[in-house]
Amino acid sequence: MINIALVPVAGWGTRLLPATKSQPKEMLPVGRKPVVQYVVEELVQSGIRRLLFITGQGKTSIENHFDIDAPLISFLRETGREEQLQELQFEREDVEYFYTRQRRQLGLGHAVLCGRAMIGEQPFVVALGDSIIGMHAQSDIVSRMTAIFESEKADVVVAFEEVPPHEVVHYGIAKPKGSADGDLFELADLIEKPSVSEAPSRLAVAARYVFSPVIFDALTQTKPGKGGEIQLTDAIRLLLQRGHKGIGVRLTEQERRFDIGNFESYFQAFFDFALNDPQYGAALREHAKKILDS
Ligand code: G1P
Numbered sequence: 001m002i003n004i005a006l007v008p009v010a011g012w013g014t015r016l017l018p019a020t021k022s023q024p025k026e027m028l029p030v031g032r033k034p035v036v037q038y039v040v041e042e043l044v045q046s047g048i049r050r051l052l053f054i055t056g057q058g059k060t061s062i063e064n065h066f067d068i069d070a071p072l073i074s075f076l077r078e079t080g081r082e083e084q085l086q087e088l089q090f091e092r093e094d095v096e097y098f099y100t101r102q103r104r105q106l107g108l109g110h111a112v113l114c115g116r117a118m119i120g121e122q123p124f125v126v127a128l129g130d131s132i133i134g135m136h137a138q139s140d141i142v143s144r145m146t147a148i149f150e151s152e153k154a155d156v157v158v159a160f161e162e163v164p165p166h167e168v169v170h171y172g173i174a175k176p177k178g179s180a181d182g183d184l185f186e187l188a189d190l191i192e193k194p195s196v197s198e199a200p201s202r203l204a205v206a207a208r209y210v211f212s213p214v215i216f217d218a219l220t221q222t223k224p225g226k227g228g229e230i231q232l233t234d235a236i237r238l239l240l241q242r243g244h245k246g247i248g249v250r251l252t253e254q255e256r257r258f259d260i261g262n263f264e265s266y267f268q269a270f271f272d273f274a275l276n277d278p279q280y281g282a283a284l285r286e287h288a289k290k291i292l293d294s
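In our numbering, the protein residues as written are 1 to 294.
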């Protein structure tokens, strides 16, 4: 049973400056919660009980967010603010948190490698801290992926979402072995951020992975790739070339991926979540209609 996840949150978020100058992009709110809280809630719901964050400079507010804030709890309790107290329930999730720093910005692959000593010789999940899967993180994609990892005896399982052709340049793109019409397909290759003409499909890596520990050896042998960074995609590619089994799992139609890495998708994510807020969504829809009609 896979119960450990590595959550890389070390990136600088340069595409979101100035919002991310002194706060992590993973702490930007989408609706009511910071992005990374959705990621943690999704993982906990999928049976993950140990979370290892790969952090970096300027990311301590993430650690603070998942701490139990005793003075705040007492204050809310003593002043009878039960409803607001409920909002801190996530602090009590049955999970252990671990943090280590990626001390140099050498890429996502390198960030994952920073977790090696902690993960050791067990299979593990990687969930990127800047991507929410499914509205309100109700997706069980990670538990589907860990089940497939075990039943298929794979070394790599990756989640994919089909994207429009002009978006392939932002993602790792799958080359399936044979047909990729079903929910599952075998991976022949994976290419990091290809041009539209190089892209072997429109199936884009959707920020969730399951790995056997062989990925660490591949990462140590991976040379800097796109952007001069050690790419996780290139390490997966190395494993596939060596005959290790890789499986792609498609997100379902309901499991939209909200990528918070740039303003276009961040604005869309915030807007979607705010429009669906149980308390304020309806009024916001009216407000949006009024603005659009004027
Ligand atoms: C990373 C990966 C890419 C993946 C994407 C998913 O890119 O390198 O393969 O598709 O995450 O969000 P980044 O967004 O860090 O540039």
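Backbone N, C-alpha and C define an ideal beta-carbon position, used for all residues, glycine too.
Fill in: Neighbourhood of F273 by C-beta, 6 Å cutoff - its chain only, sequence neighbours within 5 removed
V30, G31
Practice prompt. Report back the beta-carbon spacing between E167 and A206 to the nearest angstrom; my notes put them in contact at under 8 Å.
Written response: About 12 Å separates the two Cβ atoms, so there is no contact after all.
Fill in: Reduced DSSP secondary structure (H/G/I, E/B, other) of E82
helix
Worksheet item: For V142, which three-state DSSP category applies?
Response: The three-state secondary structure of V142, taken from DSSP, is helix.
Discussion item. For K21 and K175, I'd like the C-alpha separation in whole angstroms.
Written reply: 37 Å
Worksheet item: Starting from V163 and walking both ways along the alpha helix (DSSP H), at which residues does that stretch end?
Response: Looking at the DSSP string, V163 is not in any alpha helix (DSSP H), and its letter there is neither H nor E.
Worksheet item: Rounded to the nearest angstrom, how far is the Cβ of I377 from that of A127, given a contact under 8 Å?
Response: It is not possible to answer for residue 377, since the shown part of the chain is limited to 1 through 294.
Discussion item. I'd like to confirm something about V205: is its beta-carbon nearer than 8 Å to some heavy atom of ligand 1, or not?
Written reply: yes
Worksheet item: With a cut-off of 9 Å, does the C-beta of V44 fall near any C-beta of chain B?
Response: Reference to chain B is not applicable here, since this structure consists of a single protein chain.
Discussion item. Taking a contact to mean a Cβ-Cβ separation below 9 Å, would you say G13 touches I62 in this structure?
Written reply: In this structure, G13 sits away from I62, with a CB-CB distance that is not shorter than 9 Å.
Practice prompt. With DSSP as the reference, label A70 as helix, strand or coil.
Written response: helix
Worksheet item: Expressed to the nearest angstrom, what Euclidean distance is found between the alpha-carbon atoms of P165 and R77?
Response: 52 Å
Discussion item. By alpha-carbon positions, which one of A5, G58, G47, N3 ends up nearest to E26?
Written reply: G58
Item to complete: Could you check what DSSP says for D189 in three-state terms: helix, strand or coil?
Response: strand
Worksheet item: Looking at C-alpha atoms only, which residue of E93, K226, V156 is the closest neighbour of E192?
Response: K226
Practice prompt. Run through the stretch 227–253 for me and flag every whole beta strand (DSSP E) of 3 or more residues, listed as ranges in chain order.
Written response: 246–250
Item to complete: Tell me V126's beta-bridge partners as DSSP assigns them.
Response: L6, Y209
Discussion item. Along the chain, where does the beta strand (DSSP E) containing R257 start, and where does it finish?
Written reply: 257–259
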